[in-house]
Amino acid sequence: MLVAVSFDPTREARELLWIPLLTLAGTASTLSYAHDGLLLSGSARRAWGWTAFATGIAASWSRLLAGGVASPEAYWLPIAGVLLLIAGLMHRAAVLVDRDGDATGPTVGPRVRRGVTALTLAGILTAVLPLVAAGRPGDVLRPYLLTGICAALALGGAAVLRHAAFPVRPLLRAVVIGAGLGILAVGGVRALRLSAGSVARETAVDVQLTVTAVLLVGLGALVLRGARSAEDARLAGSAWVGTSVLVAVVMAASVGSGEGVVRPLVVSVALVAGAGILLVLRSAHRDVLAASAAVALVGAVVVALLAWRGGYTALDPAALVVPAIVAVLVAAVGAADRLRNPAPPTVPGRAPGAVAGAVRHAADTATGALVAGTVAVGVASDGPGLPVALLLSAVGVLIASSAPGSHARRHAGWIALALGTAALWVALGRGRIDAVEPYVLPPAGVLLAVAALLQRGLPRGRRHGATQVPARTSGAAPVVLGALLLAALPTAVASWTGTPVRALVLGGAAGAVLLLAATALRGTDAASPTRPLLLATAVASGLVVPLVGFGRAVSALVANDPPTFARIDLWTLSAAVVLILAVGLLPPRAEDLPLRDPAVAVPASGQVGNASDTWTPGNASGGARTATDTLLRAAPRVVGLVALIGAGSAGAAGILVAHAERMDGVGLRAALLVSVLAALHVVSSPSGLTTTGAGTDEAGQRAASHPSGDRVLALAGLVVGGLVAAILVVAGAADPVETVTVPIAVALLVVGARRLIRDATAGSTQHLSPGLLVLLVPPLLADLGPIPAWRIVGLGVLALATLLTGARLRLRAPFLIGAGVLLVHAVAQLWPWIREASTTVPWWAWAGIGGVVLIAVAARYERRIRDVKGVAARVSALR
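Numbering (the working numbering), first residue to last: 636 to 1514.
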């Protein structure tokens, strides 16, 4: 019959197709009966059951299509009704089986209940989802009718779930799941359709989204209230997670360009508030609440970032401020949760995994994403809301780092300090505010008060045993450093321009504090609790001194101010001198670890010195040193290089500009600058050699060296001084040339003479030749051109004095260099007379004089050879 009707081309045959289909459905349904169930039976007869179900649906649709019915309800609601009817019959049979006992086996009931759940869920979704997909943006009655029906089913099932018996709970859970998915689908699809419309429908979208979100949140609350198992709790969490995802997706689709930032702000604040409420709830299913709150926070981040689309960050301050506000709220929620629940939730018998860690730090991740995005977009757009956004970001990071946590969390507070300082500087720069002290001193004072409270908790008395271990610091030193930098850096930058009063006060105070801190460090050991505070103070003041001195000089050069001595050299040389003095006042450092007895692997002596240079069990492996000692070892070289480069570059630039403007006193300024650089070479050069065995004391330790005795620093001073001198000479700013060569030569001679005095094996050629060449060769080269009388006399006297000094002290380098320079200088000065004499005296007279001399030498040739060898031997014997 089915085949005959199907192949009949007439319209009447198509209208009768439902009859054979319905007959086939009834026959298959009869054949599908089995003793253990219907559609979910374990027998092969269940295939007939599904055949009956499919042919029945085909019969219904065939009749509807033949009659021209266009409403989708007529196609899907009968199918849903059949599914729900089958589920009800199966559930009734399962309950009867459970009531009658184990006559049919203990597994029949649970297997049928799983089928009831699947069929009930399929029936509800079959009734709802096709109708949702078939709707149009202009439909009003159908979406609200479906929402009302699904809400009644879901909320009713959730309310009954609390007191429902065990056999009924799977059916109620299926009803809640299906109806909840219906609410989500109806509300989400309608909101997205309204968002995609050409007409602005923000109000309709918000109403639909609010109704759907409220229903889902209430559904989750009712399910959690009646939860008896983890499945019920996960069902409640799924409702809340679906709400967060729905809100984020609909807002992303509905917020258009230039529509404002009010909607993203309100919705993101609502999501953060919902996450906070979930975290506050006390429940046995804490992990589900935390996961739902984490998803809500992620949704809040997504919605908050939509403010950049709703507003223009380059023009609208609120567009940049909204994510920062949400970051503060998210950080507050995370901090409150950590204070309320210090320990992360754990499930007995299961170790926390990566998902639990991600949920635990969801607030921190959300805060970091909002802060990073706000800072990046704000810096790129440079909008008017950048200072406020930076300040709010700093508040958010500070709140996130203030709650109990790890060291990394507390160290994140420095990011808050950097953001707050950046906000202050941006605001001051845009407002062109010169008086920065009222803005920076109060927060710096607060930080100093916090540091004082931290330091106050340390015990005043400490016991020193035979093995002294550095005391544990209180954490006040970083706070002190931050406070000093916050107060000094903006003021230092502001001191570059205007009257010099601020620069004098700040630079003088910073220099005095630096010298006092360096002096105080000499009297403290590594175990002292005040040592980190002194080091922090020295670091802060050491940054301020060059920033004020060199910065003001560079600012004057950039502003094209007259490069006078008071504007340039006074600041650079003062800063360099203060830094060099601070290096000299730092405590001595040990050259190496103390010697140990290899037999017992302990120090050769039982004496105990300072913790910074004494062997202890804590630092025996690998010779580890504390960060403070490492910083102290690197500080002299860094400070010295800063003083050299800053003074040399800024001072040379000022002198060159002054020479170009034909100012007076340029040569004296050049001599003073090179003298300071050369003096640093003298101070930094090591005083002598440390021989093997002489460099250890009675306790078996290496002899401590002064921090200023650094070969690298000494070489840098010589190189920088030489470069500055060469540049000034080439540019003509050093006239005469002796103004820059004499200071370098004197420095080299002082270092070489000191080495000769302290080392009996040192030779003068290596240690005195560089200084003598720098002293005598530049004026000797000036003999090639016009030369003043004072240089002629001075060079001759100096060369003769060098020759006599070398002969008197039996030094080879002064003797040979002095003799050579004196000879060349004499020839250069007598050359005009020699040339005149050569033109006036006949050539044969010169030939006769030469022949007489040659005959005289040849007469005593062997004796003259012995005399020359004797002179060479005596010169070689010189030191």
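Where a beta carbon is used, it is the ideal one built from N, C-alpha and C, also for glycine.
Cβ neighbours of residue i in the same chain (closer than 7 Å, five flanking residues each side left out)
i	result
residue 1209	1184
residue 1050	1032
residue 946	895, 896, 953 and 954
residue 1272	1345, 1347 and 1348
residue 1107	A caution first: residue 1107 carries a pLDDT of 47, below 50, which makes its placement in the model unreliable, though a value can still be read off. Nothing meets the Cβ criterion.
residue 719	755 and 758
residue 1362	1287
residue 1056	1121
residue 976	none
residue 1500	none
Cβ neighbour criterion (16 or more within 10 Å) applied to residue i
i	result
residue 1484	exposed
residue 1316	buried
residue 838	exposed
residue 1479	exposed
residue 1091	exposed
residue 716	exposed
residue 721	buried
residue 1373	buried
residue 582	Since the displayed the chain opens at 636 and closes at 1514, residue 582 lies outside it and no answer follows.
residue 847	buried
residue 1390	buried
residue 1401	exposed
residue 1440	exposed
residue 1487	exposed
residue 972	buried
residue 1462	exposed
residue 1047	buried
residue 1383	buried
residue 1432	exposed
residue 1137	buried
residue 1158	exposed
residue 762	buried
residue 1393	exposed
residue 892	exposed
residue 840	buried
Sub-8 Å separation of residue i and residue j beta-carbons
i	j	result
residue 1023	residue 956	yes
residue 1180	residue 1212	no
residue 1449	residue 1407	yes
residue 860	residue 808	no
residue 1378	residue 1313	yes
residue 867	residue 876	no
residue 1156	residue 1222	yes
residue 1349	residue 1285	no
residue 958	residue 931	no
residue 814	residue 788	yes
residue 1199	residue 1281	no
residue 1355	residue 1279	yes
residue 1302	residue 1369	yes
residue 1114	residue 1082	yes
residue 900	residue 942	yes
residue 765	residue 825	no
residue 890	residue 944	yes
residue 925	residue 1035	no
residue 1489	residue 1457	no
residue 883	residue 855	no
Residues near residue i by beta carbon distance below 6 Å, same chain, minus five either side
i	result
residue 686	663
residue 823	881
residue 1175	1116, 1119 and 1120
residue 1009	958, 959, 1024 and 1028
residue 691	660
residue 1054	1025, 1028 and 1029
Proximal residues to residue i (C-beta, below 8 Å), its chain only, five neighbours per side dropped
i	result
residue 1307	1204 and 1208
- Please go through the region 1381-1438 and give each complete alpha helix (DSSP H) segment of 4 or more residues, from N-terminal end onward. 1399-1416
- Message: Which runs of the alpha helix (DSSP H) at least 4 residues long sit entirely within the region 823-911? Give them in chain order.
- Response: The region 823-911 is shown to contain whole alpha helix (DSSP H) runs of 4 or more residues at 837-860 and 865-889, in chain order.
- Unbroken stretches of the beta strand (DSSP E), 3 residues or longer, contained in the region 1000-1029: Counting whole runs of 3 or more residues, the region 1000-1029 contains no beta strand (DSSP E) stretch at all.
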